[in-house]
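See below for the structure under consideration.
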Amino acid sequence: MGNSDLGVAFSRNQPAWQQRSQQLLKRLNVRGGEADSSLIAPLLAGAFADRIAHRRGQDGRYQLANGMGAMLDADDALSRHEWLIAPLLLQGSASPDARILLALPVDIDELVTTLPAAGTAV
């Protein structure tokens, strides 16, 4: 499997997306700026509050805010983080836990301060 860390994906140079972004900015007649990576977690939490995940144990298993279980591959570096937002999951019939395909580590205290509604999800 490839890298499941959304932070890595967002930090990569994406020429096609940058070009599309410039087209939309021009069409809207607004100026563009630098991407603000500090907004990624609050935006994802607003859209996927049920996918905020709290680690349970050291084996890459998480409990989602919606009550479902989810897991990372055992060797995934993200499993060292206590809290994740996991917008992309794969639910199979072989395991009770969904597989986390993409996730972003979050500081839950900072997230709740920025987006108080996230605190009700966890």
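Count the sequence shown with the numbering used here and you get residues 1108 to 1229, in order.
Every residue gets a Cβ at the ideal spot worked out from N, C-alpha and C, and that includes glycine.
Cβ-Cβ distances below 7 Å link P1149 to L1218, T1221, L1222 in the same chain, with the five nearest sequence neighbours on each side left out; the list follows chain order. Measuring C-alpha to C-alpha distances from I1207 to each of K1133, L1171, Q1130, S1145 identifies L1171 as the nearest.
As the crow flies, the alpha-carbon of R1163 is around 44 Å from that of R1138.
The straight-line gap separating the alpha-carbon atoms of V1213 and E1141 is approximately 21 Å. At the C-beta level, L1191 and L1197 stay beyond 8 Å of one another.
By alpha-carbon distance to H1161, the top candidate from L1151, M1175, G1153 is M1175.
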